[in-house]
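Everything on this sheet refers to the single structure shown next.
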Amino acid sequence: MKRTHTKAVVLIIDALRYDFALYNTSLDDALPYQNKLKVIHEVLLSSPRHGALFKFVADPPTTTMQRLKALTTGSLPTFVDAGSNFASSNITEENIISQLTSLKKKITFMGDDTWGSLFPDSFHKSFPFPSFNVMDLHTVDNGVIEHLVPELKANDWDVLIGHFLGVDHCGHRFGPNHPEMASKLTQMDSVLRSVMEILDDDTILFVMGDHGMTRTGDHGGDSDDEVDAALFIYSTKPIAACKMKKEKVVTVSQIDLVPTLSLLLGLPIPFGNLGTIIPELFCHRSTLDILSNQTSSEDDLNAQQVLELLQRNKAFELNAKQVHKYLTKYASISGDIPKERLEELGKILHNATTLVSEVKDLVDNLGGHEEMIRKASGEELKNLNEKLSSAEEFHSDYLSGAKVLCRSMWAKFDLNSIFTGISVISVGVALVVLALLNFSENRLSLLFLVPLIGFVIASAATSCDFNAIIIIPLYVACALLLALFVFLQKKFMKYTQITVSRFYKKLSVVNIFAAVLCLLQCWASFSNSFVVNEDRLTAFFIQSLIGVNCVQAMWKICPGNSRNIVIRHHFRRFAKKDDMKNISGFILRLLIAWIAFDIVSRTAIILRACREEQWSCVQTDLLKPQSNSADKTTLESNRFILTVLCTGTIPFSIHQWLRYHGNLNGTTFIVLCVRYTLPLAFFFMCIHWMLQIVPQEMAAVFPEMQLWQQIIFPQIVYSLCMATIACVLYSPLYIYTVFKNGRNSLNEGVKSLQETGDNSRIIHALVREVKQNWERLDVKKVKVCEDDTNTPMVYGLGTVFSSAILVLIVAVGLPLMMLLGNGMALSISLILFQMYLQLEIHGLSHDAELANGGDRNSDTSFSMVVVWYFMSSYYFYCTGHQATIPSIRFEAAFVGFPGDMENLVIPGLLILLNTFSSAVLFSLGLPLLLFWPQIQNRLLATRNKNRPQSSKGEFDWIESPELLRTRMFRLLVTYQTLHGLKLLATCCSAAVHRRHLMVWKIFAPRFVFEGVSFLLLTMVLCLSYLVVLRIDQSLRSWFKNLEESHDWKAKNT
1 MKRTHTKAVV LIIDALRYDF ALYNTSLDDA LPYQNKLKVI HEVLLSSPRH GALFKFVADP
61 PTTTMQRLKA LTTGSLPTFV DAGSNFASSN ITEENIISQL TSLKKKITFM GDDTWGSLFP
121 DSFHKSFPFP SFNVMDLHTV DNGVIEHLVP ELKANDWDVL IGHFLGVDHC GHRFGPNHPE
181 MASKLTQMDS VLRSVMEILD DDTILFVMGD HGMTRTGDHG GDSDDEVDAA LFIYSTKPIA
241 ACKMKKEKVV TVSQIDLVPT LSLLLGLPIP FGNLGTIIPE LFCHRSTLDI LSNQTSSEDD
301 LNAQQVLELL QRNKAFELNA KQVHKYLTKY ASISGDIPKE RLEELGKILH NATTLVSEVK
361 DLVDNLGGHE EMIRKASGEE LKNLNEKLSS AEEFHSDYLS GAKVLCRSMW AKFDLNSIFT
421 GISVISVGVA LVVLALLNFS ENRLSLLFLV PLIGFVIASA ATSCDFNAII IIPLYVACAL
481 LLALFVFLQK KFMKYTQITV SRFYKKLSVV NIFAAVLCLL QCWASFSNSF VVNEDRLTAF
541 FIQSLIGVNC VQAMWKICPG NSRNIVIRHH FRRFAKKDDM KNISGFILRL LIAWIAFDIV
601 SRTAIILRAC REEQWSCVQT DLLKPQSNSA DKTTLESNRF ILTVLCTGTI PFSIHQWLRY
661 HGNLNGTTFI VLCVRYTLPL AFFFMCIHWM LQIVPQEMAA VFPEMQLWQQ IIFPQIVYSL
721 CMATIACVLY SPLYIYTVFK NGRNSLNEGV KSLQETGDNS RIIHALVREV KQNWERLDVK
781 KVKVCEDDTN TPMVYGLGTV FSSAILVLIV AVGLPLMMLL GNGMALSISL ILFQMYLQLE
841 IHGLSHDAEL ANGGDRNSDT SFSMVVVWYF MSSYYFYCTG HQATIPSIRF EAAFVGFPGD
901 MENLVIPGLL ILLNTFSSAV LFSLGLPLLL FWPQIQNRLL ATRNKNRPQS SKGEFDWIES
961 PELLRTRMFR LLVTYQTLHG LKLLATCCSA AVHRRHLMVW KIFAPRFVFE GVSFLLLTMV
1021 LCLSYLVVLR IDQSLRSWFK NLEESHDWKA KNT
């Protein structure tokens, strides 16, 4: 087929949504993205035959690398390809770039450096610019503009490609409704005008977007705003006349660009192309002459239509033959294409070929195209028109049918791997559950039935459509898991007091209710409605379960309902005295915590991100890009003030809490970290956020301001928090020893306070005493006086475990706040506050259990672990995320680091921490569920003198180290098992719904997010366990030194 142009200019304006290119004359007050590309409107209005505008529909996932692959190869991307967006590898399939280079054509490129990794050594000239930093709106665009016009005038190229990123980055940073978007689109309008002025008749211009953007400026999914891009084609000579109507929106697929551009330039269509030519661009030259005469003759109109159909069918024929060759080759190699379906398509193509052949014979009999116009009668022209119209329909049906067939085949599933994965997860979860129930060793032979459970679940998920031979190696793998289970059973579970029989005895209404909610969540994961609305439903689960816990605690605190006969008798004797007052105080404190917990839970839902399917959801202004508002100054100021207040309460609260419990005495590194390092980190975070709201005019006056705001201050925060974490891991004991000797004795006022039993006043008095004496003490070496009564006073032993964990949570939480941004920092504050409220409710429930004759050394309440688990899932949504690709906050990768880093590990880690910040915090703070009930001076603790209680708080664990490790291990494994069940449910739901319409939009992303979250929280849980062991080891070393010092002194007296 003869080419229409010898050169092409391809300009990609990243994220150019279709409505960005439209011009609406009826708008009086246009939005920032409307009516800015005026040059397109002017061409379509004044020279309609020289330009054409199409709705350019992309295939999801709408990420840049996948779009470039489709635009150059004409193939269909897959969902898994989205992961390659940040690790682009060269394209090995035949593509239009390789066709050009094989024909010795020269390609000049400028713009997004992704092209360099996709097509290495393919460009005659290349001007790449770093593309990863979405906070940078101008570097790439200014670089392209600098080289574009000079290279156009150089005329030493056959194809020139320019890829602008400013519009896309502006969407990520500010959203489409920001004034900066108007500036960017206006800049693009100016660029297009300058390019059009230089073009000659042999050059065709393609201006396109690779995808669109959502109302928040994100992309990656399959919503209309994300897939609807714009395609504008222009040439100084007429190109568009066939079937084009001004009032009609013509929609084409992005992969249709490949065959269209190839035939217009006279290139072979790439072998793997599945796109269809854009028929409106293929018109016979004689047709244009007829149109220019504006004749009204019926014969001329018929001749015009015949010439158009001849040209288009010639292009269709080349396109269809290429696709048919590809399908035939693919079918012979893979055998995946059904033979019957391929034969059906072959018949359609044969019908089209037959009609085209008949028309060619008729045209040849008339003497060719030119003679046909003069000699053919009206009846002959009408006959040719009918045949060619039918042939065009057959070609179009064939190409569309081939595309539909390949779409169905492209979604291939490795059922053997799916079966294996589900089986292993099922067996692993089943074994852990049995381990938690302390399955007795004399029944270990029954464990070999466990793999059958996994096989049954996997068979149901895959519809038994797998290769049965894989069961043999899979059973061997499961046997290894069984061996691991036996090892864990003997090494880690031998000290636990919970057996299967005792487990059933300990079942309560609240634990059964918690288990039912977990199973209900897993079952509901198979419903797309549940997945879409999981944020609100999880909030309902949390509030319901915490309510049942509170009601049960209130019931147990009443001695009249106690199972213990002695307690009931005591209640009857002293009901009129202090007991009723204590019970009323307990209920009042529990009600306060319960109400506050529900208020925080309902407040947090405001911060959730909205899915496309949640039509009634209104996204909070705190989640919107900065300045994405008409009253931007007020919004930015309010957000900044709210963020500073919420963030500042965290280091202040931890300081006051540790000070209240006597953990902030002395001048050790860890104490100084809490006193100074964490407040300093908060201070630099405030400066970082303050500089973000500085007007751009002022920022332009101080060019170094952006460097300090984006990189230096965040890195200072990272360094301070990392130093705090390192200090805690190195020396985790927040305790301080005071010796009652002649040089630093406790004053009489403190001794008198000890007799009153007022613990809070004692602590404050001791703190004042310590401040006066600590300079004279050698805290590195324990000394004892000659008098045996001079027993050392140790501050902070009652919270020796929880204090270090709390500091770690804050040291991790502050950077997470900075990663989430000044709008969503409130969510971390709500997480920590709701954590505290649940711990207080847990402590009160534990007090009620003891008052009801419960076991002090029992395991952590299963229902409380379930609440903790639900809160972890809930705050994934309340930190501004959803299980969708567009909800990923890529801007987190640039907090403290430049956007042109060659190694993407650190940016990827920052995005990971931003996305799963709730999983990190709840996994890190999980040990608090074990230690919190033992803290005597909790703000809402029960203070009952008649009830026996430990006098050492968390220091009691030093007497039973094996029990501590076992209980901690069981707590962490229980929490991980709950997430494992959820992972298994999401895995099975994705497998069952693999042919569901919403699998790639709902079920597959949910499984991917859950899998990544599970891996991350597993690592954090291991870290939490090691931290507890480190604290225990340090505490024993300290205690051993203290004992050795006493023994040494005893021998020398």
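Numbering (UniProt numbering), first residue to last: 1 to 1053. The C-beta atom is built at its ideal place from N, Cα and C for all residues, glycine as well. If you're wondering where the values come from, they're calculated on a predicted model, not measured in any experiment.
Taking 8 Å as the limit between beta carbons, can you name the residues of its chain near residue i, skipping five residues before and five after?
i	result
residue 542	601, 867, 870, 871, 874
residue 57	227, 228, 229, 251, 252, 253, 254
residue 101	107, 122
residue 980	425, 428, 429, 432, 1014
Checking 8 Å against the spacing of the C-beta atoms, do residue i and residue j come in under that value?
i	j	result
residue 1026	residue 971	no
residue 399	residue 528	no
residue 557	residue 586	yes
residue 50	residue 279	no
residue 72	residue 96	yes
residue 1035	residue 800	yes
residue 720	residue 708	no
residue 164	residue 14	yes
residue 514	residue 545	yes
residue 311	residue 283	yes
residue 264	residue 99	no
residue 730	residue 665	no
residue 1074	residue 1016	Residue 1074 lies beyond the range of the chain shown here (1 to 1053); nothing can be said about it.
residue 982	residue 522	yes
Measuring straight from C-alpha to C-alpha, what distance separates residue i and residue j?
i	j	result
residue 353	residue 344	14 Å
residue 216	residue 176	7 Å
residue 86	residue 904	Because residue 86 carries a pLDDT of 43, less than 50, the predicted location of this residue cannot be relied on, and no value is offered for it.
residue 348	residue 996	29 Å
residue 1064	residue 554	In the structure displayed, the chain extends from 1 to 1053; residue 1064 sits before or after that span and is not available.
residue 656	residue 662	10 Å
residue 704	residue 822	21 Å
residue 9	residue 620	42 Å
residue 564	residue 861	Residue confidence for residue 564 is low, a pLDDT of 47 falling below 50, so the modelled location carries little weight; the figure read from the coordinates is stated next. About 20 Å.
residue 659	residue 534	40 Å
residue 306	residue 260	21 Å
residue 1040	residue 1033	10 Å
residue 517	residue 933	25 Å
residue 976	residue 11	50 Å
residue 805	residue 891	29 Å
residue 25	residue 199	28 Å
In chain order, what residues of the same chain have a beta carbon less than 7 Å from the beta carbon of residue i, not counting five sequence neighbours either side?
i	result
residue 397	348
residue 497	Confidence is the limiting factor: at residue 497 the pLDDT is only 44, short of 50, which leaves the residue's position unreliable, though a coordinate-based value still follows. So no residue of the chain qualifies.
Assuming residue i and residue j form a contact by the criterion Cβ under 8 Å, report the distance between their Cβ atoms to the nearest whole angstrom.
i	j	result
residue 1060	residue 201	What the structure shows of the chain is the stretch from 1 to 1053, and residue 1060 is not part of that stretch, so it cannot be assessed.
residue 876	residue 918	5 Å
residue 17	residue 230	7 Å
residue 644	residue 610	That pair is no contact at about 26 Å.
residue 888	residue 915	6 Å
residue 355	residue 316	No, residue 355 and residue 316 are not in contact; Cβ-Cβ is about 11 Å, not under 8 Å.
residue 809	residue 924	6 Å
residue 161	residue 118	At roughly 11 Å, the Cβ-Cβ gap does not stay under 8 Å, so residue 161 and residue 118 are not in contact.
residue 885	residue 897	Not quite, the Cβ-Cβ distance comes to about 22 Å (not below 8 Å), so this is no contact.
residue 213	residue 225	6 Å
Looking only at its chain, what residues have a beta carbon closer than 6 Å to the beta carbon of residue i, apart from the 5 residues adjacent to it on each side?
i	result
residue 878	604, 607, 608, 827
residue 894	133, 135
inquiry  = With a threshold of 8 Å, are at least 3 pairs of Cβ atoms found where one atom belongs to the stretch 133-149 and the other to the stretch 100-113?
reply    = yes
ask   = Any contact of the stretch 804-822 with the stretch 956-972, i.e. 3+ C-beta pairs under 8 Å?
value = no
ask   = Is the stretch 836-853 close to the stretch 591-601, with three or more CB pairs under 8 Å?
value = yes
ask   = Do the stretch 265-281 and the stretch 249-256 make contact, defined as three or more Cβ pairs closer than 8 Å?
value = yes
message = Can you confirm whether the stretch 712-727 touches the stretch 637-653 when touching is taken to mean that 3 or more C-beta pairs between the two stretches lie within less than 8 Å?
response = no
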